Amino acid sequence: MPELPEVETIRKDLERELVGRTVLDVTSSAPKALQPSPKEVSAAIKGKKFRSFKRKGKLLIVRLSGGVTLGIHLRLTGRLLIRKEGDPPDEWQRATIKLSEGKELRFSDLRLFGYIKLFKGEEEVEETLSKIGPEPLSKELNGEKFYEIIQKTSRPIKIVLLDQKLISGVGNIYANEALFEAGIDPLTKANQLTRDQAAHLYKAIELVLREGLEARGATIADEMYRDAYGRRGGYEEKVRIYQRAGKPCPKCGEKIKYLKVGQRGTFVCSRCQR
DNA sequence: AGTACAGCCTGCCTGC
DNA sequence: TGCAGGCAGGCTGTAC
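Note that the first sequence covers residues 78 to 351 in our numbering.
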């Protein structure tokens with residue numbers, strides 16, 4: 078699923094390829110993919126030029142000329158693909174934004190959880206961004222601030238890492254990897270972690286996210302993440318524990334266990350993570 | 001206020 | 001064989 082490294086990889090691709098291009102037309106086969114409605118999105122962006130592609134957490138913020146702003150969230154299976162007019166249709170293609178010089182930006186999404194949303198105005202952009210917590214790889218966060226944030230809740234640390242209001246950009250893959258790397262049991266209550274453990278975990282989060290970026294993201298299953306050129310990531314080759322239940326722990330050889338933490342699949346080495 | 005969880009949705013897998 | 005039911009999961013809304 079697209080998390081910080083995956084969304085950032087796509088963001089950079091889009092920035093490189095699409096800034097300056099003009100939107101010629103918008104079509105959609107899934108009404109909910111374009112919000113509030115395909116008609117309104119189309120009317121707002123037709124004739125406008127892409128100005129910038131920014132990101133906060135897993136949310137892409139697309140600025141166009143005329144003060145128009147789109148928010149794009151890929152959720153589990155969303156893809157943004159840069160194609161040429163006439164290229165074969167993509168699997169689960171839900172919307173097509175035709176661009177100048179025969180290019181297209183396609184939105185594909187198997188599960189239909191993702192969306193491209195037109196913001197009503199700058200206030201709505203600000204309101205949305207204010208609900209997204211600080212990012213691990215930015216200056217907004219460091220080990221000490223991370224400790225302060227997680228001190229405020231007694232929920233399991235794994236759940237807290239996935240709470241985008243507290244820390245943004247981390248999803249299930251990188252949460253599993255970071256907890257393993259730091260040697261922390263996902264069920265540990267967040268406010269029971271010591272300063273030392275918190276600092277350790279924060280470092281591990283930074284490490285796995287950087288590795289993910291370096292590898293241009295993780296494509297664990299076929300229907301999942303692709304970059305803007307439709308290519309798979311490389312991080313799935315390097316994953317330590319995610320989706321590896323029953324296989325030996327890379328540190329100690331113990332069998333990796335699978336459990337559910339807050340409705341989400343969780344992988345743990347009970348010898349290394351305490 | 002803080003926490004828990006159903007529901008959104010499609011495709012794949014299992015079991016009858 | 002064919003089909004119903006369960007499962008996967010990020011995030012929001014609602015209930016406790």
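C-beta: ideal position from N, C-alpha, C; glycine also.
The structure presented is a predicted model; accordingly, all values stated were derived computationally and were not measured.
For residue i, write down the residues that DSSP places opposite it in a beta bridge.
i    : result
V100 : L176
E217 : E217 pairs with nothing; no bridge assigned.
P233 : K266
F130 : V139
I159 : L182
F344 : Y335
P325 : K332
I149 : L137, I193
Q274 : Bridge partners of Q274: none, in fact.
L111 : I193
Compare the beta carbon distance of residue i and residue j with 8 Å and say whether it is the shorter of the two.
i    : j    : result
G124 : V96  : no
E85  : Y251 : no
T173 : T271 : no
L290 : A259 : no
I234 : P211 : no
R156 : F130 : no
K332 : P325 : yes
Rounded to the nearest angstrom, what separates residue i and residue j at their Cα positions?
i    : j    : result
E288 : P165 : 33 Å
Y192 : D186 : 9 Å
K175 : I159 : 10 Å
A292 : G307 : 15 Å
E200 : G148 : 13 Å
T146 : L111 : 13 Å
F344 : F127 : 41 Å
D102 : L137 : 21 Å
E283 : S215 : 10 Å
N253 : G339 : 13 Å
G162 : V118 : One point to set straight first is that residue 162 is Glu, not Gly, in the sequence displayed. Between E162 and V118, the C-alpha separation is close to 20 Å.
A305 : E83  : 10 Å
F184 : G246 : 21 Å
Rank the options by C-alpha distance to the C-alpha of residue i and give the top, closest one.
i    : options                : result
L239 : A107, G342, R88        : G342
A275 : E178, I318, G294, N219 : N219
C346 : A107, P263, R156       : P263
G179 : I236, F196, V139, R98  : R98
A107 : F196, I297, L189, V285 : L189
K280 : P213, L182, R348       : P213
M78  : D299, V139, K109       : D299
Can you tell me the Cβ-Cβ gap for residue i and residue j, rounded? I've got them flagged as a contact below 8 Å.
i    : j    : result
K266 : S231 : 5 Å
G294 : Y319 : Rounded, the Cβ-Cβ distance is 13 Å, inconsistent with contact.
F257 : Q350 : 6 Å
P113 : L206 : Not really, about 19 Å apart at Cβ, beyond 8 Å.
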